[in-house]
Every structure is written in C-alpha cells, then in structure tokens.
Amino acid sequence: MTKSELIDALVASYPQFATRDMDIAVKTILDAMTLSLAQGHRIEIRGFGSFSLSQRAPRVGRNPRTGEMVEVVGKRVPHFKAGKELREKVDEEFKKLINPIITEDSWVS
Numbered sequence: 254m255t256k257s258e259l260i261d262a263l264v265a266s267y268p269q270f271a272t273r274d275m276d277i278a279v280k281t282i283l284d285a286m287t288l289s290l291a292q293g294h295r296i297e298i299r300g301f302g303s304f305s306l307s308q309r310a311p312r313v314g315r316n317p318r319t320g321e322m323v324e325v326v327g328k329r330v331p332h333f334k335a336g337k338e339l340r341e342k343v344d345e346e347f348k349k350l351i352n353p354i355i356t357e358d359s360w361v362s
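If you read the sequence shown in my numbering, its first letter stands for residue 254, the second for the next number, and so on.
Dropping the structure here:
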C-alpha cells in the first residue's frame, strides 16, 4: 500500500474528511515520526509495533562495477519490530488465504 492508497482508504472510511485534509494528517504523522527517529528517539505504537534505530558498523565493501575496495562508513538505519497484535492479525489473515476452511461436510469418509 502506498501513501496515496492509504489516504484514499482513510477517506473512504471517513467520508466526512476531505482528501486534502487526510493528506495533511498523514503527512504530519509521518513527518513527526521521521523527526523523532532522526533525533534518536524510539517510537512505539501499541498493538502495531515499534520503530527504533540500529547502528551499522563501518565496513570494507567492493564497487561491483570496478571491483575496487571501498570503505563504507557506519550509519544509523531505521528498524521496525511488529507488535504482537499485528503479528497475530497478519498470521490469521495469511492462514485464511492459504488454508481453506474445512467444514464437517467436506470430510470424506
């Protein structure tokens, strides 16, 4: 789902809000989350998951085009860990898609 698809879905669920207003709301939330992570803070959304930063160590890499060894600097990268409720919901929906529901009528004796 893209950001514009999310906005469209929210507008469909909440028709009292204009698309422009929903766009501003989504952008404001994402900007606040981005700023918080950039400042080194952890974000926790109960039932959904948490966002934090992981530190990548500096390393020696290789330029695939030239084969030349290059030094890659260390950096901080965002990391998302899904919450228990999100994991359970995703697993439940996945099982519905993969495993058809077997009723007593479908059992063969």
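We put the beta carbon where it would ideally sit given N, CA and C, even for glycine. Note that this is a predicted model, so its numbers are computed, not measured.
- Positions of the beta strand (DSSP E) runs, each at least 3 residues long and wholly inside the region 312-351, are given as 312-315, 322-325, 328-335 in order along the chain.
- Residue burial annotation: Met322 is exposed, with fewer than 16 other C-beta atoms found within 10 angstroms of its C-beta.
- Per DSSP, Arg295 is not a residue of any beta strand (DSSP E), being assigned neither H nor E.
- Shown here for Arg312: same chain residues with a beta carbon closer than 7 angstroms to its own, the five before and five after excluded, namely Val325 in chain order.
- Under DSSP, Gly302 forms a beta bridge with Ile298, Ala335.
- Nearest to Leu283 by C-alpha distance, out of Arg309, Ala265, Phe304, is Phe304.
- Secondary-structure assignment with DSSP links Ser307 through a beta bridge to Val330.
- Relative to the Cα of Arg329, the nearest Cα in the group Gln292, Arg273, Asp276 belongs to Gln292.
- Apart from the 5 residues on each side of it in sequence, Gly300 sits with its Cβ closer than 6 angstroms to the Cβ of Gly336, Glu338 in its chain, given in chain order.
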